[in-house]
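Undergrad: Quick one: the structure is below, questions incoming.
There are 2 protein chains.
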Amino acid sequence: MKKLSVKKGEILQHSGELISKVYYVVSGLLRSYSIDPKGKEHIFMFAPEDWMIADGVTVDGPMELFIDALEDSEVIQQDKKDMGDSSHQFDKLIKRMHVLQKRIIMLMSATAIERYEYFVEVYPAITQRVPQKMIASYLGITPEALSTVKSQRLHKSDS
Amino acid sequence: MKKLSVKKGEILQHSGELISKVYYVVSGLLRSYSIDPKGKEHIFMFAPEDWMIADGVTVDGPMELFIDALEDSEVIQQDKKDMGDSSHQFDKLIKRMHVLQKRIIMLMSATAIERYEYFVEVYPAITQRVPQKMIASYLGITPEALSTVKSQRLHKSDS
DNA sequence: CTACTGCATTAATGTAGATTAAGAAACGTT
DNA sequence: AACGTTTCTTAATCTACATTAATGCAGTAG
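Chains A and B supply the protein sequences, listed in that same order. Counting with the working numbering, you get residues 5 to 163 for the letters of the first sequence. Counting with the working numbering, you get residues 5 to 163 for the letters of the second sequence.
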């Protein structure tokens, strides 16, 4: 368990590494993402201050997630195996699962517009801090599609 | 913690209930699913023998998941708060998260065909045990689309 | 056996979002 | 300030999948 200062753009964890760390974000902003077989980047989560981020390493092998810094950040790095299993950690995991569940349901049932509305509602702060194309990547759509979604929203509020 | 026998079609948990149980499947097959605002059903997971299934209830409130039996089943019901936080349980959760992560990445990056291929690879047994329309619901596509995907696969293997 | 009901398949038509491309705006670097 | 680089927007075209609808096929009940 140690404190790190990372610069914007710095990579904390490469895909496929077996070392399994957990990062608590004290300040700044991290993200985790994967690169699919077609070479496209998909943002899996954003982690602003007070969040925790980790890859999904299991006993079965590594998960293909990168973690990097979108802003200069202070993070506390901890090894997963030293985390213990206090019920506090347990709760955090349960909460994270809930977010993932919701995300899956949204991907299956909601349109790009609905997913964007939900994103803005849940993470209003993030929209100001990251480029649009990353929000598009999080939503599972292209930056072009996000752009049209946003203009539709503007025109709607005229009515 | 008690053992239950449930009949095919029986509902173990309704959406919105606050009671938070975990079910270990001894034999048979359960599923969890949600119904979206448009009234469409989306299968969240299948749980054959030796799996565990639960809703996503958190401190923040209930998750909108139903759980029911697709086959006559024997299950062990346990209250979440009595689970303790042994590292065994912890590991199970981590594994589940891994599955969810993979699913999200697939939904964002893979076509219907690729998702089906992956499903068959990971859950070959399930394809024989549930109706096609439920597999479609799990994959996030319509039964019609799944039907064409399957015929494409057949024609491909001719070549 | 016939009639009903739910499921699977196939085909037509429609649509959300991808792709491609080109111009405009914002940003970092010297 | 002036440059290249990245990001954002807009529009035209394309494609994967949804929707709708018709048909065939079990399974089940009378």
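Glycine included, C-beta positions come from ideal geometry on N, C-alpha and C.
Indicate whether B/Glu78 and B/Lys7 have their beta-carbon atoms separated by less than 8 Å.
TA: To locate residue 78 of chain B, count along the second sequence from 1; it is residue 74. To locate residue 7 of chain B, count along the second sequence from 1; it is residue 3. Going by C-beta atoms, B/Glu78 is nearer than 8 Å to B/Lys7.
Undergrad: Using a Cβ cut-off of 8 Å, pull out every chain B residue sitting near A/His46, in sequence order please.
TA: Taking the first sequence and counting its residues from 1, one reaches residue 46 of chain A at position 42. Ile109, Met112, Ser113, listed in chain order.
Undergrad: Nearest to A/Ile47 by CA position, among A/Pro41, A/Arg35, A/Glu53, is which residue?
TA: Your numbering for residue 47 of chain A matches position 43 in the first sequence. If we check each option's Cα against that of A/Ile47, A/Arg35 comes out closest.
Undergrad: Can you pull the chain B residues whose beta carbon is under 8 Å from the beta carbon of A/Met101, in chain order?
TA: For the purposes of this step, residue 101 of chain A is identified with residue 97 of the first sequence, where counting begins at 1. Per Cβ cutoff of 8 Å: Gly60, Leu97, Arg100, Met101, Leu104.
Undergrad: Closest Cβ-Cβ distance between A/Ser38 and chain B: below 8 Å?
TA: Residue numbering aside, residue 38 of chain A sits at position 34 when the first sequence is read from its first letter. Judged by the 8 Å Cβ criterion, A/Ser38 is in contact with chain B.
Undergrad: Going by C-alpha distance, which of A/Val10, A/Gly32, A/Asp72, A/Phe50 is nearest A/Ser19?
TA: Looking up residue 19 of chain A in the first sequence gives position 15. When only C-alpha atoms are compared, the closest one is A/Asp72.
Undergrad: So, using beta-carbon positions, are B/Tyr28 and B/Met56 closer together than 8 Å?
TA: The count along the second sequence starts at 1 and reaches residue 28 of chain B at position 24. The count along the second sequence starts at 1 and reaches residue 56 of chain B at position 52. Against a cut-off of 8 Å, the Cβ pair of B/Met56 and B/Tyr28 comes out as a contact.
Undergrad: In chain A, what lies closer than 8 Å to B/Gly43 by C-beta?
TA: The sequence position of residue 43 of chain B within the second sequence is 39, counting from 1. Per Cβ cutoff of 8 Å: no residues; B/Gly43 is ~10 Å from chain A at best.
Undergrad: Give the C-beta separation of B/Gly144 and B/Leu104 to the nearest angstrom, bearing in mind that I take them to be a contact with Cβ-Cβ under 8 Å.
TA: The residue given as residue 144 of chain B occupies position 140 in the second sequence. The residue given as residue 104 of chain B occupies position 100 in the second sequence. Actually they do not touch by this definition, with Cβ atoms about 14 Å apart.
Undergrad: Extract the residue ranges of the beta strand (DSSP E) inside the stretch 73 to 143 of chain B, only unbroken runs of 3 or more that lie entirely within it.
TA: Runs found: 77 to 83.
Undergrad: Could you name the residues of chain A that B/Gly144 contacts, counting a contact when the two beta carbons are closer than 9 Å?
TA: Working through the second sequence from its first residue, we reach residue 144 of chain B at position 140. Near B/Gly144 (Cβ distances below 9 Å), the residues of chain A are Ile108, Leu111, Met112, Ser113.
Undergrad: Could you pull out every residue in the same chain whose Cβ sits closer than 7 Å to the Cβ of B/Gln17, ignoring the five residues on either side in sequence?
TA: Numbered from its first residue, the second sequence carries residue 17 of chain B at position 13. For B/Gln17, where only same-chain residues beyond five positions count, the Cβ hits under 7 Å are Lys25, Asp59, Phe70, Ile71.
Undergrad: Which whole-angstrom value describes the C-beta separation of A/Lys12 and A/Leu97, a residue pair presumed to lie in contact below a C-beta threshold of 8 Å?
TA: Position 8 of the first sequence, counting from 1, holds the residue named residue 12 of chain A. Position 93 of the first sequence, counting from 1, holds the residue named residue 97 of chain A. Contact flag wrong, Cβ pair sits at about 28 Å.
Undergrad: Is the distance from the Cβ of B/Pro52 to the Cβ of B/Ala129 below 8 Å?
TA: Start at 1 with the first residue of the second sequence, and residue 52 of chain B comes out as number 48. Start at 1 with the first residue of the second sequence, and residue 129 of chain B comes out as number 125. It is a contact, given that the beta carbons lie within the stated cut-off.
Undergrad: Can you give me the Cβ contacts of B/Ala149 inside the same chain, cut-off strictly under 8 Å, excluding the 5 residues immediately before and after it?
TA: Taking the second sequence and counting its residues from 1, the one referred to as residue 149 of chain B is at position 145. Counting only Cβ-Cβ distances below 8 Å, and skipping sequence neighbours, we find Ala116, Ala140.
Undergrad: Hey, out of A/Lys106, A/Met101, A/Ser113, A/Glu118, whose CA is closest to A/Gln156's CA?
TA: Translated into the one-based positions of the first sequence, residue 156 of chain A becomes position 152. If we check each option's Cα against that of A/Gln156, A/Glu118 comes out closest.
Undergrad: Under a three-way DSSP split, which group does A/Pro52 fall into?
TA: In the first sequence, counting from the first residue as 1, residue 52 of chain A sits at position 48. Note: A/Pro52 maps to strand in three-state DSSP.
Undergrad: Quick one: give me the first and last residue of the beta strand (DSSP E) that A/Lys25 is part of.
TA: Position 21 of the first sequence, counting from 1, holds the residue named residue 25 of chain A. Segment 25 to 31, the beta strand (DSSP E) holding A/Lys25.
Undergrad: Could you check the C-alpha separation between B/Val124 and A/His102 for me, to the nearest Å?
TA: Here residue 124 of chain B is taken as the residue at index 120 of the second sequence, counted from 1. Here residue 102 of chain A is taken as the residue at index 98 of the first sequence, counted from 1. Each residue's alpha carbon lies about 26 Å from the other.
Undergrad: If you draw a straight line from the alpha carbon of B/Ser9 to that of B/Glu45, how long is it in whole angstroms?
TA: Start at 1 with the first residue of the second sequence, and residue 9 of chain B comes out as number 5. Start at 1 with the first residue of the second sequence, and residue 45 of chain B comes out as number 41. When rounded, the distance between both Cα atoms is 25 Å.
Undergrad: In the DSSP output, which residue or residues are listed as bridge partners for A/His46?
TA: Here residue 46 of chain A refers to the residue found at position 42 of the first sequence. Note: A/His46 sits in a beta bridge opposite A/Ser38.
Undergrad: Among the candidates A/Met138, A/Arg107, A/Ser151, whose CA atom is the shortest distance from the CA of A/Val126?
TA: Walking along the first sequence from the start, residue 126 of chain A turns up at place 122. Out of A/Met138, A/Arg107, A/Ser151, A/Arg107 has the C-alpha closest to the C-alpha of A/Val126.
Undergrad: Using only alpha-carbon positions, find the residue among A/Tyr120, A/Asp76, A/Ile80 that is nearest to A/Thr146.
TA: Walking along the first sequence from the start, residue 146 of chain A turns up at place 142. It is A/Tyr120 whose Cα lies nearest to the Cα of A/Thr146.
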